[in-house]
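For the sequence shown, position 294 matches number 294 in UniProt numbering, and the numbering has no gaps at all. Every residue gets a Cβ at the ideal spot worked out from N, C-alpha and C, and that includes glycine. I have placed the structure first, in the form of structure tokens, so that the comments after it can refer back to it.
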Amino acid sequence: MRSTEPQPIRTGGDPRSFPDFGALRDEMSKQTHPARPDIHWGEVEKLALSLFEKNGIELQTGAWYTLARSHLAKCAGMNEGLSILGAMLGHQWAQFWPQSPHARVEILAGLFQRLQKVFRTFSLVSADRSSLLNLENTLGALNDTLFRQELQSVSQITPLLQQVRSAIMRLENAPSPELASTGIALSKPVESGSESAEQHVGERSPQLVYVIRQEPAVQVEVQQDAPPPPKWGRAFASGMAAAFVVSAVAFTGWHYSTRPSGEALTIDTALQPLPHPLTSAEIASLNIDTKNDKLAERWIRQTSSRLNTLAALPPDWHIQYGHGLVSQVNALWPGRPDAKQLETQWQQQLALNGMSADSLNGWHEGMSKLQELTAQLNALDGHKGKYITVSELKSQVFAATQAFNKTVPVEEQLRLMNIRENPQMIPAAQKMQTEQHLKQLITRFATATSDPKIN
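In structure tokens form, the structure reads like this:
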């Protein structure tokens with residue numbers, strides 16, 4: 001029997017190197033299998049808990065665990081899984097895997113769509129009202145988190161939340177209990193930070209405690225000395241003079257002791273924040289003489305110079321700039337672990353925006369297949385009795401189409417955005433996919449043109 005002791009879970013990294021993740025992925029792939037074989041949800045739960053223990057929680061395993069708990073324990077299980085995901089998304093947004101916004105949206109949208117289908121299979125009775133209310137609160141908090149990250153609409157959480165609220169209203173308006181209680185064992189509390197979702201899993205499931213590292217509170221006690229009573233008399237003038245001398249000496253010593261060194265000034269200059277245009281409020285607060293022609297001419301001349309500089313920047317300027325910053329740190333402090341960690345984080349960030357080989361070669365493969373088909377058709381000219389069947393033609397056209405579909409050209413993505421009469425009507429997911437594609441192209445361009453020595 002599985003232990004029921006509290007099981008702490010932390011935020012994990014990339015799980016793809018763990019054998020349990022491969023087994024879990026194979027089991028969940030049955031959802032899209034043409035034969036639709038049965039999914040063993042108990043095994044999915046077991047593998048997910050094993051990954052939580054070995055690697056920690058990340059979005060993909062957490063989503064599959066939520067589906068498993070929903071099938072095994074109805075509303076209480078769904079609330080348990082979503083509570084853990086809500087804690088991770090609310091407190092560890094910058095840390096959890098995967099880092100790609102497109103991948104996160106894809107996982108969340110798929111999860112909420114499947115949870116809607118699972119929820120429709122529930123036979124709800126009046127005894128489920130408490131679990132439904134807890135589920136509504138959890139979904140509401142998760143909805144707020146996604147709203148702050150501007151992912152509320154593309155994640156498709158709203159239909160599930162409306163589905164739960166409609167079920168609550170139906171139970172509240174029902175004249176009498178529809179059916180007897182089903183007696184499903186609820187899960188044990190799932191704690192996230194200072195809050196816990198008070199649901200219970202079956203007897204075999206351990207209590208999950210999501211650990212969120214928080215900085216300890218710092219208490220500062222300020223003691224103020226009472227001001228000395230004023231002194232009057234002949235010593236007043238001499239005291240003032242002595243105080244002035246002492247203050248001057250103290251200020252001079254403080255100035256020289258706190259003055260930054262030349263090396264520090266050089267480093268600070270190299271890491272100055274990038275300039276940004278003044279905001280409307282800042283412009284309104286300036287008291288500029290608009291009739292001062294010299295000031296206007298100098299301002300416009302400097303602005304023109306800055307625009308020329310921006311126009312001359314290469315498309316991968318920000319990547320070259322990042323390489324320069326990393327190389328700067330490695331040259332100044334070689335061998336430091338935190339400098340090496342900084343370089344690793346930069347390379348990982350570039351890898352997230354990288355383009356896969358299939359996406360890179362899709363257009364070339366499609367054109368090659370069309371050229372082969374063209375050559376084959378041209379070879380039939382002037383040869384009586386030789387022909388290509390419709391079936392062969394369809395097969396070759398299909399193969400070329402599949403190759404082209406590996407990557408929709410960014411020109412086509414922009415065309416689809418331009419056909420919208422109002423830019424506000426462009427779906428957020430469509431804008432995010434196009435933006436991600438542009439980033440991938442620029443990153444690939446930087447990789448192809450950069451000096452290998454700086455990578």
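- If you look at GLN163, you'll find it in the alpha helix (DSSP H) that goes 158-173.
- A Cβ-Cβ separation of about 7 Å places GLY81 in contact with SER70 under the 8 Å criterion.
- It is roughly 37 Å from the alpha-carbon of ALA375 to the alpha-carbon of ASN353.
- Here MET169 is exposed, its C-beta having fewer than 16 other C-beta atoms within 10 Å.
- Residue range 428-449 is occupied by the alpha helix (DSSP H) that includes LYS439.
- Shown here, PRO15 sits in coil according to DSSP, grouped into three states, outside any helix or strand.
- Burial of PHE112 is indicated by the presence of at least 16 other C-beta atoms within 10 angstroms of its C-beta.
- Using a Cβ distance threshold of 8 Å, THR11 and GLN95 count as a contacting pair.
- Spanning the alpha carbons of VAL154 and LEU414 requires a straight line of approximately 19 Å.
- Taken through DSSP and simplified to helix, strand or coil, PRO275 comes out as coil.
- Contact between the region 27-47 and the region 117-129 is absent: fewer than three C-beta pairs spanning the two stretches fall below 8 Å.
- In this structure, ALA48 places its C-beta atom within 8 Å of the C-beta atom of THR61.
- In the three-state DSSP reduction, PRO101 falls in the helix class (H, G or I).
- With respect to the 8 Å criterion, LEU142 and ALA167 are not classified as neighbours on the basis of their beta carbons.
- The C-beta distance from ALA429 to VAL164 rounds to 23 Å, too long to fall under 8 Å, and the pair is not in contact.
- The C-beta of ILE419 has fewer than 16 other C-beta atoms within 10 Å across all chains shown, which makes the residue exposed.
- Each residue's CA atom was taken as its position, placing GLN440 and SER123 some 46 Å apart.
- Bounds of any alpha helix (DSSP H) do not take in ALA127, whose DSSP letter is neither H nor E.
- Under DSSP, ILE57 forms a beta bridge with THR11.
- If you ignore the 5 residues before and after PHE445, its C-beta comes within less than 8 Å of the C-beta of PRO315, ASP316, all in its own chain and listed in chain order.
- Assigned with DSSP and collapsed to three states, ASP38 falls in coil, not helix or strand.
- For ARG336, there is no enclosing alpha helix (DSSP H), as DSSP marks it with neither H nor E.
- Inside the region 355-427, DSSP marks whole alpha helix (DSSP H) runs of 4 or more residues at positions 357-380, 390-405, 410-418, from first to last along the chain.
- Excluding residues up to 5 positions away in sequence, LEU82, ILE157, LEU160, LEU161, VAL164 lie with their Cβ nearer than 8 Å to the Cβ of LEU139 in the same chain.
- In this chain, the alpha helix (DSSP H) harbouring SER155 covers 152-155.
- Straight-line measurement puts the Cα of ARG25 at about 11 Å from the Cα of PHE18.
- Taken atom to atom, the span from the alpha-carbon of THR447 to that of GLN347 is near 11 Å.
- DSSP, read as helix, strand or coil, puts TRP346 in helix.
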